[in-house]
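Structure record follows, encoded as structure tokens.
Protein chains: 2
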Amino acid sequence: MTNIESMRATRAPLTRERVLAAAVALADAEGIAAVTMRRVAGELGVEAMSLYHHLPGKADLLDGLVDVVAAEVATEIAGRDLPAEDWRAEVSARCLTARTVMLRHPWAPGLMGSRSTVPPVVYGLYEGVVGAMVRGGLSYRLAHRALHALGSMVLGFTQEVFRPAEAGGSLEPELAEAGLAAIVDALPYTAAMITTEMHDATDPVLGWCDSQTEFEFTLDLLLDGLERARA
Amino acid sequence: MTNIESMRATRAPLTRERVLAAAVALADAEGIAAVTMRRVAGELGVEAMSLYHHLPGKADLLDGLVDVVAAEVATEIAGRDLPAEDWRAEVSARCLTARTVMLRHPWAPGLMGSRSTVPPVVYGLYEGVVGAMVRGGLSYRLAHRALHALGSMVLGFTQEVFRPAEAGGSLEPELAEAGLAAIVDALPYTAAMITTEMHDATDPVLGWCDSQTEFEFTLDLLLDGLERARA
DNA sequence: CGGTTCAACCTTACGTTGTAAGGCGACCTT
DNA sequence: AAGGTCGCCTTACAACGTAAGGTTGAACCG
Numbered sequence: 001m002t003n004i005e006s007m008r009a010t011r012a013p014l015t016r017e018r019v020l021a022a023a024v025a026l027a028d029a030e031g032i033a034a035v036t037m038r039r040v041a042g043e044l045g046v047e048a049m050s051l052y053h054h055l056p057g058k059a060d061l062l063d064g065l066v067d068v069v070a071a072e073v074a075t076e077i078a079g080r081d082l083p084a085e086d087w088r089a090e091v092s093a094r095c096l097t098a099r100t101v102m103l104r105h106p107w108a109p110g111l112m113g114s115r116s117t118v119p120p121v122v123y124g125l126y127e128g129v130v131g132a133m134v135r136g137g138l139s140y141r142l143a144h145r146a147l148h149a150l151g152s153m154v155l156g157f158t159q160e161v162f163r164p165a166e167a168g169g170s171l172e173p174e175l176a177e178a179g180l181a182a183i184v185d186a187l188p189y190t191a192a193m194i195t196t197e198m199h200d201a202t203d204p205v206l207g208w209c210d211s212q213t214e215f216e217f218t219l220d221l222l223l224d225g226l227e228r229a230r231a
Numbered sequence: 001m002t003n004i005e006s007m008r009a010t011r012a013p014l015t016r017e018r019v020l021a022a023a024v025a026l027a028d029a030e031g032i033a034a035v036t037m038r039r040v041a042g043e044l045g046v047e048a049m050s051l052y053h054h055l056p057g058k059a060d061l062l063d064g065l066v067d068v069v070a071a072e073v074a075t076e077i078a079g080r081d082l083p084a085e086d087w088r089a090e091v092s093a094r095c096l097t098a099r100t101v102m103l104r105h106p107w108a109p110g111l112m113g114s115r116s117t118v119p120p121v122v123y124g125l126y127e128g129v130v131g132a133m134v135r136g137g138l139s140y141r142l143a144h145r146a147l148h149a150l151g152s153m154v155l156g157f158t159q160e161v162f163r164p165a166e167a168g169g170s171l172e173p174e175l176a177e178a179g180l181a182a183i184v185d186a187l188p189y190t191a192a193m194i195t196t197e198m199h200d201a202t203d204p205v206l207g208w209c210d211s212q213t214e215f216e217f218t219l220d221l222l223l224d225g226l227e228r229a230r231a
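One line per chain: the protein sequences are A and B, in this order. Just so we're aligned: 168 in full-length UniProt numbering is position 168 of the first sequence, and the numbers increase by one with no gaps anywhere. Just so we're aligned: 178 in full-length UniProt numbering is position 178 of the second sequence, and the numbers increase by one with no gaps anywhere.
What follows is the structure, encoded as structure tokens:
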């Protein structure tokens, strides 16, 4: 009937963005556990199965959540003019910006740690940090290690930054196989870091990201700092 | 019948420990997602509901898992004689030991981050680290901050070490209400650190654990170290 | 204009999850 | 021997993700 027509017309059509926005709001308000397909749909005045026309499944919804948060970080970073001449100030600003966003979405770090893929936006964030450090004179090796240390702080990663899960889809094959050239263009510093590190590593295939070494490096960094602070 | 009797007699009786051991083995083998009540019971040749006579529920099973891992760390630390005269070496050894255990149980850091309570064993681990640092001459303030930094590395915490979740049960009320005296006895360094920090803090109730300050402190520590390493 | 197509949304249903309620047999105590 | 307790099981339920297929209003096309 016309009534129903107008009801339908009144309700804004569902989109991936509207679904994700509702999910973010729900996670912020009631925690990530409240983000169920039925519940998100309910917030949008819709049934659960309707979401599947805009997102392939729950996994993609969760991936979409980290996408939204990462994009929020990127936007916030873009919105401020960073002190490009001082690498420390720039890296610091980027990390602190990421942190403020994480504080707005306390569920985000845990979610990022549990997902099995890293959305491109996140690599873009890494790129910004790596670029600042390399421009500041740090070697790619040092930048690589710093990325682990800082990522561990901001996101609470224990698992590796570049090898997110046990699933086969690690970054390295991903790079080797598909759009390597495109990635090199979009993420020059990161690409340079990866190729440099891969070249230097004893085992170029799997060993370039030696988590034990990263860990000990960061540990020494912290301990040296504490030693000096020990007034 | 007698057959059934002997079967029953053959099967070792369920205990909290046996259930947790089975759950740990399952998590190690197939990931934390495989740890369901039915599945754990199945591994023990038992029905799901039987577990409830030894654990109140799934939450307690998961809490028990982090308990087991923390105890494993404690055992491993106790098993080696630490270089007590060198605080750096001692802290380093404790952290590296914790890390090797985490590597055996890759699901553990994420689980620890998601639980809403911190089992006493974990506080015991903190105590060991705090003690080493204080004996090494670090102030309680510095030790407190170092605990955040190191905990962030080992466990991948983003959330606070001492205020694990949004649930009301933070450490501070917990301390104030219940067995404060017992905790002070068992964890002297930690207790001293808490009272010292609480006393110094501007807002003694909630502000003694200023995560923003912790974060910036660790960040500066890392950045100072990177600056120096920037050869 | 009538018929077809299609996207968006809904209904139903299935298997799996955690767990509340209660049953049943073997042992311990008195 | 009677009764109680302990340990395990059976049954049942609500909520979850999602596969399969139905409905409906709009858009297109002859």
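Heads up, the beta-carbon is just placed ideally off N, CA and C, and yes, glycines get one too.
Please check if any C-beta of chain A sits within less than 8 Å of the C-beta of residue i.
i             : result
Ser152/B      : yes
Ala146/B      : yes
Arg88/B       : yes
Leu62/B       : no
Leu226/B      : yes
residue 232/B : Within the shown structure, residues of chain B are numbered from 1 to 231, placing residue 232/B beyond reach of any answer.
Thr15/B       : no
Have a look at the options and flag the residue whose alpha-carbon is nearest the alpha-carbon of residue i.
i        : options                               : result
Arg228/A : Thr100/B, Val24/B, Leu142/B, Leu103/B : Leu142/B
Leu61/A  : Leu147/A, Ala22/A, His148/A, Val73/A  : Ala22/A
Leu150/B : Gly225/A, Val73/A, Gly42/A, Val118/A  : Gly225/A
Ala132/A : Leu20/A, Glu90/A, Leu55/A             : Glu90/A
Lys58/B  : Arg115/B, His105/B, Ala146/B          : Arg115/B
Pro56/A  : Leu20/A, Ile77/A, Arg88/A             : Leu20/A
Ala84/B  : Ser139/B, Glu17/B, Arg135/B, Thr75/B  : Arg135/B
Arg94/A  : Glu72/A, Leu44/A, Glu17/A             : Glu72/A
Thr15/A  : Pro120/A, Val46/A, Met112/A           : Val46/A
Leu147/A : Leu223/B, Ala78/B, Met112/B           : Leu223/B
Thr117/A : Gly64/A, Thr75/A, Val24/A, Tyr189/A   : Gly64/A
Val121/B : Val35/B, Ala33/B, Val69/B, Gly79/B    : Val69/B
Pro13/B  : Arg145/B, Pro119/B, Gly128/B, Leu51/B : Leu51/B
Glu76/A  : Ala33/A, Gly128/A, Val35/A            : Gly128/A
Strictly under 8 Å for the Cβ-Cβ distance: is residue i near chain B by that measure?
i        : result
Thr117/A : no
Leu125/A : no
Pro164/A : In this prediction, Pro164/A scores a pLDDT of 36, lower than 50, which makes its location untrustworthy; the coordinate-derived value is nonetheless stated afterwards. It does not; no Cβ of chain B falls within 8 Å.
Quick one: which chain A residues come within Cβ less than 8 Å of residue i?
i        : result
Thr218/B : Met153, Leu222
How would you label residue i, buried or exposed, when you count the other beta carbons within 10 angstroms and need 16 or more for buried?
i             : result
Thr158/B      : With a pLDDT of 37 at Thr158/B, under the threshold of 50, the predicted position of this residue should be treated as unreliable, and no value is reported.
Thr218/A      : buried
Arg99/B       : buried
His53/A       : exposed
residue 283/A : Absent from the structure is residue 283/A, since the part of chain A shown begins at 1 and ends at 231.
Arg38/B       : exposed
Met102/B      : buried
Pro109/A      : buried
Gly137/B      : exposed
Pro204/A      : Summary for Pro204/A: the model assigns pLDDT 41, below 50, so the residue's position carries little reliability; its value from the coordinates is reported in the next sentence. That one is exposed.
Met153/A      : buried
Ala113/B      : The question names Ala, yet the displayed sequence has Gly at residue 113/B. By the neighbour-count rule (16 or more Cβ atoms within 10 Å), Gly113/B is buried.
Ala41/B       : buried
Ala27/B       : buried
Arg80/A       : exposed
Report the neighbours of residue i on chain B: residues whose CB is nearer than 8 Å to its CB, in chain order.
i       : result
Val91/A : Leu223
Leu20/A : Simply none; closest approach about 22 Å.
Could you name the residues of chain A that residue i contacts, counting a contact when the two beta carbons are closer than 7 Å?
i        : result
Ala229/B : Leu142
Ser114/B : Gly110
Leu65/B  : Here the premise fails: no neighbours, minimum Cβ distance about 16 Å.
Please compile the residues from chain B whose C-beta is within a distance smaller than 7 Å of the C-beta of residue i.
i        : result
Ala149/A : Leu222
Note down, in chain order, every chain A residue with its Cβ under 9 Å from the Cβ of residue i.
i             : result
residue 233/B : For residue 233/B there is no data in the structure shown, the boundaries of chain B being 1 and 231.
Taking C-beta pairs closer than 9 Å, name the residues in chain B that residue i reaches, listed in chain order.
i       : result
Leu82/A : Correct list: empty, because the minimum Cβ distance to chain B is about 15 Å.
In chain order, which continuous runs of the alpha helix (DSSP H) of length 4 or greater are located wholly inside the region 93-146 of chain B?
108-114, 120-135
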